[in-house]
Amino acid sequence: MNKTAKMIIVLTVITALSGAVLSSWDSVTKPKIEYHQLQALKAAISDVLPSYDNYAVQDISGNKVYIGQIDGNSQPAGIAFKVAGSGFQGKISIMVGVDPNFASITGIKVLEQIETPGLGTKIVVDPSNKTNPFWFPEQFNGVVLSPQIDVVKNSIPQNSNEVQAISGATITSKAVVRIINDNIQQIKESYQSAN
Amino acid sequence: MNLLLLFISAAIVNNFVLTYFLGICPFVGVSKKVSSAVSMGLAVMFVMTITAAVTWLIYHLLLVPYHIEILEYVSFILVIASLVQLVEMFIKKVSKPLYDTLGIFLPLITTNCAILGLALFSVLREYSFVESLVFGIGAGAGFTLALVIMAGIREELELSNIPKPFRGAGITMIVAGSLALAFMGFAGLISM
Amino acid sequence: MAKKPIPLSKEFLKGLWDDNPVLRMLLGLCPTLAVTNSAINGLAMGLATTFVLISSSIIISLLRKVIPHQVRIAGYIVIIATFVTVADKFLAAYLPEISIALGPYVPLIVVNCLILGRQEAFSSKNGVGRSIIDGLGMGLGFIFVLVILGSIREILGSATLFNMQILGDWFNPWMIMILPPGAFLTLGLLIGLGNWVNERKVKI
């Protein structure tokens, strides 16, 4: 057989077989992968909102918001949405929960980050704080959003719109607050005009 | 996203070699002389930039519309292998001495994790076409930078008395560790 | 070519020390450094790589007389990339936490010079049985280094091993071990140690 023809045929057959194997494997694994992603999303939403019975997904100007609904109640329990921006080392992505009027935060959960281990990573969990390792995200519960969230260093927050920075990780702490502040206004406006 | 910041991030702050551990094999093999390091770095940078463009096009114009994203790794590596083959033929024609200097490391660019890594990161971070391109150039520049610095250091080390077990790869890794440590100082450079 | 065939046991053992892919042949360094911040990650990556290595070796050994020489690299690469996709999607579907921990380094197994290297050097020239043994030996050697590197970095960097606390609170973890510099340093020291042990072995 012509050498070139053999080369082309063999490569084509190998690639075709590869394609066949992979598309069948894809149909096996894809549903499971999507299931895991959905579970993670559900967990994140329930972490940042007060209790609800189910949630509805609404697409507003390219952003997805998750509206926690209570059966028999037209007023939602809260609204959750993802925001992202640059932290100290890389991208930080956060799930934020707010009350239906966007007046205060009901909870936050850091989804992705690659901050400095042991310092910036305290925005997720702080093992050095034996009383409450989740003190950083939890201090956002109930924080008032007007005019915006402020960060204080080395002192207990006095006002209802303040949170305390992690000592040794000021930039990361400020990044979290900045990312929320920067995005919340736009999402609030889009949501309120859509509803 | 600001393109200049993206470039600086890829080249320095999140240097592909020293932060993401991509492109280590040639790092150890080619970084003995500054001149070969520069040639290798530029060759990689060239391949990276074109790879960034071509893989983006393939992913967004072919794989996604036809829902065959499962073929991402197979198609990307085929693109890279072909590109490297073309670059090899090009260099052989244009500059035989350069071709001989780079030797076996030229076809080995195919297995340079930095190139495939670049293509994969671009998809993961959902960069636009232009962002991918800038990311590719920045990553290539960063790789060249790390390689040239390492070569400079190794040229100096040639004259010093390194304990026998550490000669070659051992000391290279340790130097890389110091370089990585130094580069960590760049963190926070581009956050506002 | 009447060479005395190398006994299978030797074929297997060479990958563990003499021709250890990481410490002696310096192959597969990218994932070695990236995912060895903990022992379990090192183990998972090692197993994934070994799976790809052995599966590819089997197929390529079976097809060694069929694939024309000029396109062999392209052929090997497609086969390797296929198995890597299988492994990657398997992890994402059935072991999601591990998939997230290993991240983009699983697809990078495609360009792990260890795998392509073994196909070129061995599987394309040997029968399926021997290729499997070679793959197993190399894979185990790889896993061995990854787990050791991962354990050292995890113990010194997080005071844990396989996620179990083993050093008490008296020990202040060396954060640097989990970060890139720690990876490079530890690997450099291990390579040096490996060379040193080997020198003495030869002398004996």
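Protein chains in written order, with the numbering used here: chain A, 1 to 195; chain B, 196 to 387; chain C, 388 to 591.
Glycine residues also receive a C-beta, built at the ideal position from the N, C-alpha and C atoms.
Remember, it's a predicted structure, so these values are computed and weren't measured experimentally.
Show which residues of chain B have a CB atom less than 7 Å away from the CB atom of residue i.
i, result
"Thr-472 (chain C)", "Ile-265, Tyr-268 and Val-269"
"Gly-168 (chain A)", "Going along chain B, no residue has its Cβ under 7 Å from Gly-168 (chain A), so there is no contact; the nearest lies around 13 Å."
"Gln-89 (chain A)", "Ala-382"
"Ala-480 (chain C)", "Chain B residues near Ala-480 (chain C): none, gap ~12 Å exceeds 7 Å."
Would you mind giving the Cβ-Cβ distance between residue i and residue j, rounded to the nearest angstrom? I have them listed as a contact below 8 Å.
i, j, result
"Asn-307 (chain B)", "Pro-221 (chain B)", "6 Å"
"Val-163 (chain A)", "Phe-134 (chain A)", "In fact, because the Cβ distance is near 13 Å, the residues do not count as touching under 8 Å."
"Arg-540 (chain C)", "Met-564 (chain C)", "5 Å"
"Val-143 (chain A)", "Val-124 (chain A)", "So it is not a contact: roughly 18 Å between Cβ atoms."
"Ala-570 (chain C)", "Thr-423 (chain C)", "6 Å"
"Glu-138 (chain A)", "Asn-132 (chain A)", "7 Å"
"Leu-145 (chain A)", "Phe-102 (chain A)", "6 Å"
Which residues of chain C have a Cβ atom closer than 8 Å to the Cβ of residue i, listed in chain order?
i, result
"Asn-307 (chain B)", "Val-498"
"Ser-18 (chain A)", "Val-465, Ile-466, Ala-468 and Thr-469"
"Trp-135 (chain A)", "Under the 8 Å cutoff, chain C gives no residues; its nearest Cβ is about 19 Å from Trp-135 (chain A)."
"Met-379 (chain B)", "Leu-566, Pro-567 and Pro-568"
What residues match up with residue i in a beta bridge as DSSP calls it?
i, result
"Thr-547 (chain C)", "C:Gln-552"
"Ser-93 (chain A)", "A:Ala-84 and A:Glu-112"
"Gln-164 (chain A)", "A:Val-152"
"Ser-190 (chain A)", "Paired residue(s): none; Ser-190 (chain A) is not in a bridge."
"Asn-499 (chain C)", "For Asn-499 (chain C), which the question treats as bridged, DSSP gives no partner whatsoever."
"Gln-58 (chain A)", "A:Val-65"
"Ser-104 (chain A)", "A:Val-144"
"Ile-79 (chain A)", "A:Ile-67 and A:Val-98"
"Ala-169 (chain A)", "A:Ile-166"
Look at the Cβ atom of residue i, then the Cβ atom of residue j, and state whether they are nearer than 7 Å.
i, j, result
"Ser-510 (chain C)", "Ser-442 (chain C)", "no"
"Met-432 (chain C)", "Leu-489 (chain C)", "yes"
"Val-493 (chain C)", "Val-409 (chain C)", "no"
"Glu-115 (chain A)", "Thr-172 (chain A)", "yes"
"Leu-200 (chain B)", "Phe-330 (chain B)", "no"
"Thr-305 (chain B)", "Ile-332 (chain B)", "no"
"Val-471 (chain C)", "Ile-446 (chain C)", "no"
"Asn-210 (chain B)", "Gly-337 (chain B)", "yes"
"Leu-548 (chain C)", "Ala-421 (chain C)", "no"
"Ala-238 (chain B)", "Leu-328 (chain B)", "no"
"Val-223 (chain B)", "Thr-367 (chain B)", "yes"
"Ala-175 (chain A)", "Ile-92 (chain A)", "yes"
"Thr-250 (chain B)", "Ala-309 (chain B)", "no"
"Leu-311 (chain B)", "Val-498 (chain C)", "yes"
"Lys-227 (chain B)", "Arg-362 (chain B)", "no"
"Leu-501 (chain C)", "Leu-414 (chain C)", "yes"
Cβ closer than 9 Å: which chain C residues qualify as neighbours of residue i?
i, result
"Pro-117 (chain A)", "Asn-424, Gly-544, Ser-545, Met-562, Ile-565 and Leu-566"
"Phe-361 (chain B)", "Gly-575, Leu-576, Ile-578, Gly-579, Asn-582 and Trp-583"
"Val-10 (chain A)", "Leu-450, Val-453, Ile-454, Pro-455, Val-458 and Gly-462"
"Lys-3 (chain A)", "Pro-455 and Gln-457"
"Met-95 (chain A)", "The premise fails here: Met-95 (chain A) is roughly 16 Å from chain C at the closest Cβ pair, so nothing lies under 9 Å."
"Thr-131 (chain A)", "The premise fails here: Thr-131 (chain A) is roughly 16 Å from chain C at the closest Cβ pair, so nothing lies under 9 Å."
Can you list the residues of chain B that residue i reaches, using a CB-CB cut of under 9 Å?
i, result
"Trp-557 (chain C)", "Near Trp-557 (chain C) there are no residues of chain B at all, since even the closest Cβ is about 26 Å away, more than 9 Å."
Residues of chain C with a CB under 7 Å from the CB of residue i: which are they?
i, result
"Val-21 (chain A)", "Thr-469"
"Thr-121 (chain A)", "Neighbours of Thr-121 (chain A) on chain C: none; closest Cβ ~10 Å, over 7 Å."
"Gly-372 (chain B)", "Pro-568, Phe-571, Leu-572 and Gly-575"
Can you list the residues of chain A that residue i reaches, using a CB-CB cut of under 7 Å?
i, result
"Pro-483 (chain C)", "His-36"
"Lys-512 (chain C)", "Within 7 Å Cβ-Cβ: nothing; Lys-512 (chain C) doesn't reach chain A, min ~18 Å."
In chain B, which residues lie less than 8 Å from residue i when you measure between Cβ atoms?
i, result
"Pro-491 (chain C)", "Gly-312, Leu-315, Phe-316 and Leu-319"
"Asp-26 (chain A)", "Ile-265"
"Glu-586 (chain C)", "Lys-359 and Pro-360"
"Leu-533 (chain C)", "Under the 8 Å cutoff, chain B gives no residues; its nearest Cβ is about 13 Å from Leu-533 (chain C)."
So residue i contacts chain A; which residues on that side make the cut at Cβ distance below 8 Å?
i, result
"Asn-209 (chain B)", "Gln-89 and Gly-90"
"Lys-397 (chain C)", "Within chain A, no residue comes near Lys-397 (chain C); the closest Cβ sits about 32 Å away, beyond 8 Å."
"Phe-549 (chain C)", "Ordered by position in chain A, no residue passes the 8 Å Cβ test against Phe-549 (chain C), which lies about 17 Å from the chain."
_Taking contact to mean 3 or more Cβ pairs, one atom from each stretch, closer than 8 Å, check whether the stretch 152 to 162 of chain A and the stretch 26 to 37 of chain A are in contact._
no
*Interfacial residues, the stretch 426 to 460 of chain C to chain F, with Cβ spacing under 9 Å*: You won't find chain F in this structure, because its protein chains are A, B and C.
*Meets three-Cβ-pair contact criterion under 8 Å: the stretch 78 to 85 of chain A and the stretch 39 to 57 of chain A*: They touch, by the three-pair rule.
_Assess contact between the stretch 471 to 485 of chain C and the stretch 288 to 307 of chain B, defined as three or more Cβ pairs (one per stretch) separated by less than 8 Å. Is contact present?_
no
_Under 8 Å, with one C-beta from each stretch per pair, do the stretch 373 to 383 of chain B and the stretch 573 to 589 of chain C reach the 3-pair mark?_
no
*Evaluate the contact criterion for the stretch 8 to 15 of chain A versus the stretch 451 to 470 of chain C: three or more CB pairs, one atom per stretch, below 8 Å.*
Short answer: they touch.
*the stretch 391 to 407 of chain C touching the stretch 516 to 535 of chain C, judged by at least three CB pairs closer than 8 Å*: Verdict: yes, contact present.
_Segment contact, 8 Å Cβ cut-off, at least three pairs: the stretch 53 to 64 of chain A with the stretch 180 to 191 of chain A_ = yes
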